[in-house]
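Chemist:
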Amino acid sequence: MSHMKKLEELIAKGVIPDIDDRLDEIFEEIAGNKEATEEAKEEIEELREFKADLEDVLEDIKNSDLDEEEAKELIEDIEMAQRGSDDEDFGFVEEE
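Counting in the working numbering, the sequence shown runs from 2 upward without gaps.
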């Protein structure tokens, strides 16, 4: 399997559904508490931005704007982040 195809599957069938699940959990917590904490608002914003970035990568794959080496590096980054994941932030470290 090419790195581009593997990256596409990893994002579309793994990471994005995980983000959607986490967003659903946050919205359920907000509904239960009748208000959103600042932390919840920040997490929602970060997850939405991250999801948009991943959707851009999927578009780049579709348009062949990504090469195999870039795809391989992204796969490695995602897999490394997932190995260190604590379910709350999917293991992705916010860049400073």
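All residues carry an ideal CB built from backbone N, CA and C; glycine is no exception.
1) Going residue by residue through the segment 48 to 83, where are the continuous beta strand (DSSP E) segments of at least 3 residues, counting only ones entirely within it?
2) Cβ of I45 within 7 angstroms of Cβ of I27?
3) Can you look up E36 in the DSSP assignment and give me helix, strand or coil?
4) For L48 versus L24, is the C-beta distance shorter than 7 angstroms?
5) Only counting the same chain, and skipping five residues up and downstream in sequence, which positions put a Cβ closer than 8 angstroms to that of E30?
6) Please classify A72: is it buried, with 16 or more other beta-carbons within 10 angstroms of its beta-carbon, or exposed?
7) Just to confirm, are I62 and E9 a CB contact at a threshold of 7 angstroms?
8) Assuming V16 and L55 make a contact with CB atoms under 8 angstroms, what is their CB distance in whole Å?
Modeler: In terms of the structure at hand:
1) none
2) yes
3) coil
4) Yes; because the gap between Cβ atoms is below 7 angstroms, this pair is in contact.
5) A41
6) A72 counts as buried, since at least 16 other C-beta atoms from the protein chains shown sit within 10 angstroms of its C-beta.
7) yes
8) 6 angstroms
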